[in-house]
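Engineer:
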Amino acid sequence: MSEEQPEDLVVEIGEGRSYPIRFVESIADKLSRLVVQYMDEQKGLVVVTDMNLAVAQALLFDDILKEVPTFTVSPGESSKNLLRLGEIWDFLANIRLDRKGAVIAIGGGVIGDLAGFASASFLRGTSYFQVPTTLLAMVDSSIGGKTGINLEAGKNLVGAFFHPEEVLIDTTLLKTLPDAEFSAGMAEVIKYGLLGDAELFSRLEDLDRLHPEHPELASIIRRCCSIKAAVVSEDEQETATAGGRALLNLGHTFGHAIENVSGYGIYLHGEAVSIGMVAAARMSCLKGWIPEVDVGRIVRLLKRYDLPVCLRQPLDRMELLEAMRQDKKVRRGVVHFVAMRQLGDSFTTSEVEEHVLLESLEIIGAE
Ligand SMILES: NC(=O)c1ccc[n+]([C@@H]2O[C@H](COP(=O)([O-])OP(=O)(O)OC[C@H]3O[C@@H](n4cnc5c(N)ncnc54)[C@H](O)[C@@H]3O)[C@@H](O)[C@H]2O)c1
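If you read the sequence shown in my numbering, its first letter stands for residue 110, the second for the next number, and so on.
#1: Does the Cβ of residue 445 have 16 or more other Cβ atoms within 10 Å, making it buried, or fewer, making it exposed?
#2: Could you check what DSSP says for residue 382 in three-state terms: helix, strand or coil?
#3: Among residues of its own chain, excluding the 5 on either side of residue 429, which ones have a beta-carbon nearer than 8 Å to its beta-carbon?
#4: Can you find a heavy atom of ligand 1 that lies under 7 Å from the Cβ of residue 417?
#5: Should residue 175 go down as buried or exposed, given a rule of 16 or more other Cβ atoms within 10 Å for buried?
#6: Could you check the C-alpha separation between residue 207 and residue 340 for me, to the nearest Å?
#7: Based on DSSP bridge pairs, tell me the residues matched to residue 216.
#8: The beta strand (DSSP E) spanning residue 119 covers which residue range?
#9: Taking the beta carbon of residue 300 as the centre, do at least 16 other beta carbons fall within 10 Å, making it buried, or is it exposed?
#10: If distances are taken between C-alpha atoms only, which option among 147, 455, 169 and 113 comes closest to residue 285?
#11: Report the start-end ranges of each beta strand (DSSP E) in the stretch 134-159 that is 3 residues or longer and not cut off at the edges.
#12: By DSSP, does residue 123 sit in helix, in strand, or in coil?
#13: Output the boundary residues of the beta strand (DSSP E) element that contains residue 277.
#14: If you measure from the CB of residue 292, is any heavy atom of ligand 1 nearer than 7 Å?
#15: Can you tell me which residues form a DSSP beta bridge with residue 132?
#16: Could you spell out where the beta strand (DSSP E) holding residue 247 opens and where it closes?
#17: Say yes only if the C-beta of residue 186 is nearer than 7 Å to one or more non-hydrogen atoms of ligand 1, and no if none qualify.
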């Protein structure tokens, strides 16, 4: 049962570069209008997607988009690499996409980052549209213009800040998303509550478990998008010395270390972030910033979405600590953590003693 669509938002980045996040009732209608517009004006149009989407949303691709040249990659993080990027560049060159043309990225964060970077770099910049199809992409990766690929040496090491023309959100696309991926996206939704919106956190506590057809899902997604848009407007390229875009990394410093030490693919990113948020909450509690009872509230909400709140297999605490020190967000050798002053109010700090970190890691199951 669908409710009224939420109002559009704008990511304000100034100088005529601001762009809308549109909540569309039917992505099929929106895409067919885009296809007509680009075809009529003889501008080129290309779709980039992955094989799961091509199957799960076959109607869209076989009908509305059947005339549009489509580049389809294998699903998953392993496609976010230089080889696929090169193939996309060749694809765009072969169909002679010119600078009036556009790329439509239809998929999760992998497709958004990959196709976004292809657009940023092909002909020194062609337009692109983000059509996020995972919950994570709807609330996070499609907004804010971070595009890029992974290298052997690490994740997201090459990329560009390059914003889309529009972000087009149709929550009905989530109906085909696997449950575990939906839950992983919920970790990011809960993160927004923790970092800047206590009311959102309480609302999530009050609501039954959200699911793709829940009547409040679209408005919850909009609320997350508005937080991300506001943070991006204030700190577009993550240059703020305190707070700013770095706040979006709540739980991520621990989460990245967990992914890194356990080996990529053992935890979904959202699962690692879930455990990371518990560690960040423990750390904030040990420092005396939030009470124990709040840690309990966070753990309960994460568990409602079957998200892990401690490690499935113990990891070595010193290795995790070392991985945190290697994180690319480390500035001048100092690890900056996102901590909570209270639920819905977070800040960045480097004032966390090693024994506090070790204890926080122990409580999430590290040895
Ligand atoms: N650019 C940013 O600001 C930013 C922010 C956060 C994360 N990221 C990046 O996002 C990526 C993770 O994104 P993700 O979690 O969306 O993963 P993903 O793109 O790999 O998608 C997850 C899985 O769901 C499948 N899928 C996607 N939509 C579907 C649908 N509607 N129906 C059926 N299957 C569907 C995909 O094929 C894939 O197997 C990482 O590479 C991360 O670095 C980028």
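Cβ coordinates follow ideal geometry from the N, Cα and C atoms, glycine included.
Structural biologist: The relevant details are as follows:
#1: Reading the sequence shown from its first residue, position 336 is the one you call residue 445. Buried, because 16 or more other Cβ atoms sit within 10 Å of the Cβ of residue 445.
#2: As a position in the sequence shown, residue 382 is number 273, starting the count at 1. Helix at residue 382.
#3: Along the sequence shown, read from residue 1 onward, the residue named residue 429 stands at position 320. Counting only Cβ-Cβ distances below 8 Å, and skipping sequence neighbours, we find 363, 366, 367, 370, 470 and 475.
#4: Counting from 1 along the sequence shown, the entry for residue 417 is found at position 308. Answer for residue 417: no, Cβ out of range of ligand 1.
#5: Translated into positions along the sequence shown, residue 175 becomes position 66. Residue 175 should be labelled exposed.
#6: Position 98 of the sequence shown, counted from the first residue, corresponds to residue 207. Position 231 of the sequence shown, counted from the first residue, corresponds to residue 340. Rounded to the nearest angstrom, the two C-alpha atoms are 33 Å apart.
#7: The sequence position of residue 216 within the sequence shown is 107, counting from 1. BP columns for residue 216 point to 241.
#8: Counted from its first residue, the sequence shown places residue 119 at position 10. Per DSSP, residue 119 belongs to the beta strand (DSSP E) from 118-120.
#9: For this step, residue 300 is matched to residue 191 along the sequence shown. Residue 300 should be labelled buried.
#10: Position 176 of the sequence shown, counted from the start, is the residue given in the question as residue 285. Here the closest residue by C-alpha is 169.
#11: 154-159
#12: Residue numbering aside, residue 123 sits at position 14 when the sequence shown is read from its first letter. If DSSP states are grouped into helix, strand and coil, residue 123 belongs with coil.
#13: As a position in the sequence shown, residue 277 is number 168, starting the count at 1. Element bounds for residue 277: 275-278.
#14: To locate residue 292, count along the sequence shown from 1; it is residue 183. Checking every heavy atom of ligand 1 against the Cβ of residue 292, none is found closer than 7 Å.
#15: Here residue 132 refers to the residue found at position 23 when the sequence shown is read from its first residue. BP columns for residue 132 point to 278.
#16: By 1-based counting over the sequence shown, the position of residue 247 is 138. Counting along the chain, residue 247 falls outside any beta strand (DSSP E), and DSSP gives it neither H nor E.
#17: Here residue 186 corresponds to residue number 77 of the sequence shown, with the count starting at 1. Yes, Cβ of residue 186 sits closer than 7 Å to a heavy atom of ligand 1.
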